[in-house]
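Colleague: Following UniProt numbering, the numbering of the sequence shown begins with 1 at its first residue and continues without gaps.
A virtual CB, placed ideally from N, CA and C, is assigned to each residue, including glycine.
What you are looking at is a predicted structure, and each value in this text was computed from that prediction instead of being measured.
Take this structure, written in structure tokens, and hold onto it; I'll ask about it next.
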Amino acid sequence: MSAPSYQELEKGHPVNPIPSKQPITPESTLAALKANIDTTQALHVRTKQELKDAERLYQEANSNSAEGRARAAASWKHDVSLLAAHILIGLCFWWALSAAG
């Protein structure tokens, strides 16, 4: 079973930014932060699955044909790119939390 795609995660867990032009109330801020935490947790699960998949492909590449090695290398680069994007999203959430606090 593969992990859901990033687009599926976005649909299932939309990120609700903290309103900047409206008065910030504790309720709206808390609701936005909870939604962002849910999204971050879903992305964390997805990232863990992608890293497991990448490790499996890497091991497969070391024991199989040149075609398998090429496929694993391409997948590994994709997974590392997604991991970097998830880290960036996490840093944005951390920044939003520290700015709101």
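How would you label ALA54, buried or exposed, when you count the other beta carbons within 10 angstroms and need 16 or more for buried?
Modeller: With 16 or more Cβ atoms within 10 Å of its Cβ, ALA54 is classed as buried.
Colleague: Is the stretch 25-38 touching the stretch 70-87 in the sense that three or more CB pairs, one from each, lie closer than 8 Å?
Modeller: They do not touch, by the three-pair rule.
Colleague: Please check the pair THR47 and HIS86, which I expect to be a contact at CB under 8 Å, by giving their CB distance rounded to whole angstroms.
Modeller: The pair is a contact, with the Cβ atoms about 5 Å apart (cut-off 8 Å).
Colleague: Would you mind giving the Cβ-Cβ distance between LEU82 and GLU60, rounded to the nearest angstrom? I have them listed as a contact below 8 Å.
Modeller: No, LEU82 and GLU60 are not in contact; Cβ-Cβ is about 19 Å, not under 8 Å.
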